[in-house]
Amino acid sequence: MDRVVVVGASLAAVHAVEALREHGYAGDIALVGAEDVLPYDRPPLSKEALREGVEPDKLLLRDPGWYDGQGVTLRLGRTAIGLDTRDRAVVLEGGGRVPYDGVVLATGSRARTVTCGPPGAERAVRSLRSLEDAVALRQELLEARSLVVIGAGFIGLEVAATAREMGLEVTVVELAPVPLARVLGDEVGHWFRHYHAQRGVDVRCGVAVDEIERSAGNSKVRLRDGTVLSADLVVAGVGAAPATDWLAGSGLGLGDGVRCDEALRTTVPDVVAAGDVATWYNPLFDETMRVEQWNNAVIQGRHAAGTLLGGGDACAVVPYFWSDQFEARMRFVGRSNAASDVRVVESSDRRLVALFGRDSKIRGALCVNAPRQLALYRKAIEDQVHWGDVD
Ligand SMILES: Cc1cc2nc3c(=O)[nH]c(=O)nc-3n(C[C@H](O)[C@H](O)[C@H](O)COP(=O)(O)OP(=O)(O)OC[C@H]3O[C@@H](n4cnc5c(N)ncnc54)[C@H](O)[C@@H]3O)c2cc1C
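Here the working numbering is used: the first residue of the sequence shown is 9, the next is one more, and so on.
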């Protein structure tokens, strides 16, 4: 293998490049990225970078000189529009093909948009995925007095907390009966709702947004229950979708992301995938999953590189995720979903510890401001401890 193309220039990609070299791969590496900037870190975009200002250099994943040092040809500001698996080339927008012997797909995910109201109404609703989004949003937050956030997922709640800390009046509108309930269950969702309410965020659950209108610098958000919220700014935090549109027609197995086996091989030879875009079988949980989390992108970037060079180990990771909202340092290890049993083992105004079980095993643990417990539960999840034996 002499020519590896890494498509998507972000977290999973950088770690794939690094691991390729660590494994002794000495051939060409081309890094193709749609954004016009060097790879940077996204988690601060909804937290300190939004609150205190974005200093792009501080967010870079690697120094500018690192890419030369790794012998990487950067193709930034170039969007891949196709993967020609017959003649083995990545096809770029505006012309150009990058031939490959092996490919790492690391195109991540994109923010979903809200579509309601008259044509063009969605342009009045901001989303947050990129550095460019964060720079623009911060400027608007500085000029605004009120904000409506649509969606009480992690990014929506982080933006709500940050905006509140910046002094805005903040309302969050969520379709589900409580925030985060789909993944974390009602009790945990109630805790987060109460936590935000105590800090002045108006969290309205169980109600749909019917229409958004924008005129003269003000937005009106019409809810299904008849309420009309007026705000200077509206932000959508309604989740993300894997960036796979450019792979349609390539012959690759696609579904909710790029379909991979347990070692992150796609359905096409010499093409692997990693990070937010990859759906893979995780044997540790006996589950096919796609994970939109920082830690997963790092591990999978490295793992996919090893697989591309001939490794075949399963990518058996225990997912790990964090979220910072006001003073709440939330850490989640493992898996949870609507089918999990939930056991809240500690709950106070500042702290929360909840466990998640499935198939008689502990599968996940959520700890807010409780770092020591997290390490213990992570070990229990790795060891697949019986659900009845943990407390
Ligand atoms: C605002 C925000 C806050 C977050 N906070 C947390 C947090 O607190 N904790 C946590 O665990 N995770 C957090 N995450 C999630 C974490 O950042 C992601 O899981 C991680 O960035 C995924 O890395 P990735 O490399 O797979 O994809 P991405 O970071 O999404 O990067 C994919 C790259 O591919 C590029 N691309 C897409 N399509 C193409 C194409 N066709 N051609 C070329 N390039 C393309 C994109 O422009 C992008 O640069 C947050 C994410 C966001 C957006």
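Cβ atoms here follow ideal geometry from the backbone N, Cα and C, with glycine treated the same way.
Annotated as proximal: E101 and T87, with beta-carbon spacing under 8 Å.
Here the C-alpha atom of R190 lies approximately 36 Å from the C-alpha atom of P277. Using a Cβ distance threshold of 8 Å, P64 and Y48 count as a contacting pair. At a Cβ-Cβ threshold of 8 Å, R310 and A27 count as neighbours.
Taking a cut-off of 8 Å for Cβ pairs, the segment 371-380 and the segment 351-361 touch, as three or more such pairs fall below it. DSSP lists A336 as the beta-bridge partner residues of Q333. Remark: fewer than three beta-carbon pairs, one from each stretch, lie closer than 8 Å, so the segment 81-95 and the segment 212-223 are not flagged as touching. Less than 8 Å divides the Cβ of V14 from the Cβ of V25.
In this structure, F329 has its beta carbon less than 7 Å from a heavy atom of ligand 1. When rounded, the separation of the alpha-carbon atoms in S355 and S368 is 23 Å. Within the segment 193-279, the complete beta strand (DSSP E) segments of 3 residues or longer fall at 209-213, 217-223, 226-231, 236-239, 241-244, 248-250, 265-267, listed in chain order.
By the beta-carbon neighbour count (other beta carbons within 10 angstroms, threshold 16), V209 is buried. By alpha-carbon distance to A286, the top candidate from G16, L136, I370 is G16. Beta-bridge pairing by DSSP links S154 to E177. A check of alpha carbon separations from D397 across Q381, G365, R380, G283 identifies G365 as the nearest.
Here the distance from the Cβ of T115 to the nearest heavy atom of ligand 1 is below 7 Å. The beta-carbon distance between A114 and A282, rounded to whole angstroms, is 5 Å. This is short enough to meet the 8 Å contact definition. Of the candidates D269, R59, A119, D269 places its Cα closest to the Cα of T296. With contacts defined as CB atoms closer than 8 Å, V280 and V112 qualify as a contacting pair. Not a single heavy atom of ligand 1 lies less than 7 Å from the C-beta of T81. One Cα belongs to F334, the other to V45, and the distance between them is close to 30 Å. A contact between stretches requires three or more CB pairs, one per stretch, nearer than 8 Å, and the segment 188-205 fails this requirement with the segment 138-151.
About 7 Å separates the beta carbons of S54 and T170, which is inside the 8 Å limit, making them a contact pair. Annotation for W288: the continuous beta strand (DSSP E) segment containing it runs 286-290. For P107, no alpha helix (DSSP H) encloses it; the enclosing beta strand (DSSP E) starts and ends at 105-107. Looking at A142, R134, Y75, the one whose alpha-carbon comes closest to that of E56 is A142.
Annotated three-state conformation of L46 is coil, per DSSP.
Its Cα nearest to that of S117, the residue R50 stands out among A205, R50, S344, P327. Excluding the 5 residues flanking it on each side, G193 has same chain C-beta neighbours closer than 6 Å at V350, in chain order. Taking 8 Å as the cut-off, the Cβ atoms of I158 and L136 do not count as close. In terms of side-chain proximity, the C-beta atom of I163 is found nearer than 7 Å to a non-hydrogen atom of ligand 1.
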